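These notes are about the structure you will find just below.
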Amino acid sequence: ILQQLFNSADVAVVGRFAGDRARAAVGSCVAIVGIYVNLLAGLAVGPNAVLATLIGQKKRERINSTLHTVITFGILLGIGLMAVGMLVVRIVLEASGTPTEVMDEAMIYIRIYLLGVPFMLTYNFGSAVLRSYGDTRRPMYYLLISGSVNVVLNLVFVIGCHLGVAGVAIATAISNVLSTAMVLTHLYRRDDEFQFRFHRMRIEWKVLKRVLAIGIPAGVQGAIFSVSNVFIQTGINSFGADAIAKNPFAWITFEQGNNLIEILKR
Numbered sequence: 101i102l103q104q105l106f107n108s109a110d111v112a113v114v115g116r117f118a119g120d121r122a123r124a125a126v127g128s129c130v131a132i133v134g135i136y137v138n139l140l141a142g143l144a145v146g147p148n149a150v151l152a153t154l155i156g157q158k159k160r161e162r163i164n165s166t167l168h169t170v171i172t173f174g175i176l177l178g179i180g181l182m183a184v185g186m187l188v189v190r191i192v193l194e195a196s197g198t199p200t201e202v203m204d205e206a207m208i209y210i211r212i213y214l215l216g217v218p219f220m221l222t223y224n225f226g227s228a229v230l231r232s233y234g235d236t237r238r239p240m241y242y243l244l245i246s247g248s249v250n251v252v253l254n255l256v257f258v259i260g261c262h263l264g265v266a267g268v269a270i271a272t273a274i275s276n277v278l279s280t281a282m283v284l285t286h287l288y289r290r291d292d293e294f295q296f297r298f299h300r301m302r303i304e305w306k307v308l309k310r311v312l313a314i315g316i317p318a319g320v321q322g323a324i325f326s327v328s329n330v331f332i333q334t335g336i337n338s339f340g341a342d343a344i345a346k347n348p349f350a351w352i353t354f355e356q357g358n359n360l361i362e363i364l365k366r
């Protein structure tokens with residue numbers, strides 16, 4: 101939910117300070133962003149389950165190699181998903197009926213957003229490692245911090261630097277880098293079998309097979325739910341840029357997310 105709110109914050113800021121056209125451009129990408137967020141979150145179920153199983157079976161000597169396999173694969177897969185997205189995103193936007201007058205700005209936003217995908221996936225895999233041994237709070241705190249930074253940078257880049265759509269996309273990419281840096285720094289500082297070191301990064305194929313056997317179905321399931329939003333977005337896009345700009349969908353998500361954050365704080 102917090103990762104999805106990054107995009108909702110982008111819509112809110114450009115809609116308030118950059119105009120309806122900029123909001124329509126970012127809003128037309130909401131469904132695509134949702135597919136990526138849910139796909140990456142689902143894939144992270146695999147590392148979490150495999151590592152938790154090793155802990156339960158008291159096979160702690162295999163944890164470190166599994167951790168490095170997970171992180172290495174997460175980085176490589178993230179780069180691959182970013183490349184695929186760069187190639188097909190215009191086709192998806194055109195197929196969903198994105199108006200021509202906002203297409204260029206929508207492409208700017210989603211392409212910059214995609215640069216953060218490798219970091220998003222690395223964060224999700226890293227946070228899955230933390231959750232495998234019961235640390236569920238730290239990943240949430242990292243996203244709360246990076247989400248707050250995203251909002252601040254949105255305002256700085258849009259109001260102060262007048263970067264518009266590009267500004268909110270850059271802010272989101274920076275926030276994804278920040279959340280990844282925090283989770284990897286925590287793993288780097290550990291002095292047990294969950295310690296991460298860059299020189300140990302490698303892939304053990306037997307381990308990866310077990311991770312993917314669980315992660316791929318969960319990732320596909322999450323993405324399929326989001327695909328329905330593409331059809332909803334296509335219907336909205338058919339009414340033109342003004343209808344996209346006035347679409348309350350992203351704002352509902354934003355308000356619901358704020359309510360959830362307040363509940364979590366209490």
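Just so you know, our numbering puts 207 at position 107 of the sequence shown, and the rest follows in order with no gaps.
By construction, the Cβ of each residue, glycine as well, lies at the ideal position given by its N, Cα and C atoms.
Computed from a prediction, not measured in an experiment: that's the story for all the values here.
| field | alpha helix (DSSP H) segment containing residue 194, residue limits | value | In the sequence shown, counting from the first residue as 1, residue 194 sits at position 94. Looking at the DSSP string, the run of the alpha helix (DSSP H) that includes residue 194 is 163 to 195.
| said: Quick check on residue 321: does DSSP put it in helix, strand or coil? | reply: Here residue 321 corresponds to residue number 221 of the sequence shown, with the count starting at 1. Helix.
| task | Taking only the alpha-carbon atoms, compute the straight-line gap between residue 295 and residue 224 and give it to the nearest angstrom. | result | Locating residue 295 in the sequence shown gives position 195, counting from the first residue. Locating residue 224 in the sequence shown gives position 124, counting from the first residue. Spanning the two alpha carbons is a distance of roughly 17 Å.
| message | Applying the 10 Å Cβ sphere with the 16-neighbour rule, what's the burial state of residue 219? | response | The count along the sequence shown starts at 1 and reaches residue 219 at position 119. Per the 10 Å Cβ criterion, buried.
| Excluding the five sequence neighbours on either side, which residues of its own chain have a C-beta within less than 6 Å of the C-beta of residue 144, listed in chain order? | For the purposes of this step, residue 144 is taken as residue 44 along the sequence shown, with counting starting at 1. The answer, listed in chain order, is 224, 225 and 228.
| Helix or strand or just coil, what does DSSP make of residue 304? | Taking the sequence shown and counting its residues from 1, one reaches residue 304 at position 204. Coil.
| task | Please determine if the stretch 278 to 286 and the stretch 242 to 252 are in contact, where contact requires at least 3 C-beta pairs separated by less than 8 Å. | result | yes
| field | contact_flag[the stretch 143 to 161, the stretch 106 to 121] where n(CB pairs < 8 Å) is 3 or more | value | no
| query | Taking the alpha carbon of residue 71 as the point to measure from, which residue in 138, 306, 186 and 283 has its own alpha carbon closest? | reply | Nothing about residue 71 can be reported from this structure: the residues present for the chain run from 101 to 366 only.
| query | Taking DSSP as the reference, what is the three-state secondary structure of residue 236? | reply | Numbered from its first residue, the sequence shown carries residue 236 at position 136. Three-state DSSP puts residue 236 in coil, outside helix and strand.
| From this set, 105, 251, 213 and 204, which residue's C-alpha is nearest residue 269's C-alpha? | Sequence index remark: in the sequence shown, residue 269 carries index 169 (1-based). When each option's Cα is compared against that of residue 269, the closest is 213.
| task | Put residue 212 into one of helix, strand or coil per three-state DSSP. | result | Against the sequence shown, residue 212 aligns to sequence position 112. Correct three-state label for residue 212: helix.
| request: Please name the residue, chosen from 152, 317 and 124, that lies closest to residue 207 on a Cα-to-Cα basis. | output: Numbered from its first residue, the sequence shown carries residue 207 at position 107. It is 124 whose Cα lies nearest to the Cα of residue 207.
| For residue 348, the three-state DSSP class (helix, strand or coil) | Here residue 348 is taken as the residue at index 248 of the sequence shown, counted from 1. Legend: pLDDT at residue 348 = 47, less than 50; position of this residue unreliable, value from coordinates given subsequently. Reduced to three states, the DSSP call for residue 348 is coil.
| message | With a threshold of 6 Å on Cβ separation, who are the neighbours of residue 239 within its own chain once the five nearest residues in sequence on each side are excluded? | response | As a working note, residue 239 is residue 139 in the sequence shown. Same-chain partners within the cutoff: 227 and 230.
| field | Segment contact flag, the stretch 181 to 193 with the stretch 255 to 269, C-beta cutoff 8 Å, min 3 pairs | value | no
| On the premise that residue 222 lies in contact with residue 378, defined as a C-beta separation below 8 Å, what is that separation, rounded to the nearest angstrom? | Outside the displayed range of the chain (101 to 366) lies residue 378, so it cannot be described from this structure.
| request: Find out if the Cβ-Cβ distance for the pair residue 135, residue 327 is shorter than 8 Å. | output: Here the question's residue 135 lines up with position 35 in the sequence shown. Here the question's residue 327 lines up with position 227 in the sequence shown. Against a cut-off of 8 Å, the Cβ pair of residue 327 and residue 135 comes out as a contact.
| query | Skipping 5 residues on each side, what residues in its chain have a beta carbon closer than 6 Å to that of residue 311? | reply | As a working note, residue 311 is residue 211 in the sequence shown. Closer than 6 Å at Cβ, skipping near neighbours: 146, 147 and 150.
| Is DSSP giving residue 262 helix, strand or coil here? | Residue numbering aside, residue 262 sits at position 162 when the sequence shown is read from its first letter. If DSSP states are grouped into helix, strand and coil, residue 262 belongs with coil.
| Contact the stretch 162 to 179 vs the stretch 296 to 305: 3+ CB pairs below 8 Å | yes
| query | Just curious, the alpha helix (DSSP H) that residue 141 is in, first and last residue? | reply | For the purposes of this step, residue 141 is taken as the residue at position 41 of the sequence shown. It spans 130 to 143 - the alpha helix (DSSP H) in which residue 141 sits, taken as one unbroken run.
| Per DSSP, what kind of secondary structure is residue 153 in: helix, strand or coil? | For this step, residue 153 is matched to residue 53 along the sequence shown. Reduced to three states, the DSSP call for residue 153 is helix.
| message | Let me confirm a value: residue 133 is counted as buried when at least 16 other C-beta atoms fall within 10 Å, else exposed. Which label applies? | response | Within the sequence shown, residue 133 is the residue found at index 33, counting from 1. So residue 133 counts as buried.
| query | Going along the chain, which residues of its own chain have a beta-carbon closer than 6 Å to the beta-carbon of residue 72, five neighbours each way excluded? | reply | Not covered by the structure: residue 72. The range shown for the chain is 101 to 366.
| request: Have a look at residue 351 and residue 233 and give me their C-alpha separation to the nearest angstrom. | output: In the sequence shown, counting from the first residue as 1, residue 351 sits at position 251. In the sequence shown, counting from the first residue as 1, residue 233 sits at position 133. Note that residue 351 has pLDDT 40, beneath the 50 cutoff, so the model's placement of it is unreliable and the number below is only indicative. Rounded to the nearest angstrom, the two C-alpha atoms are 35 Å apart.
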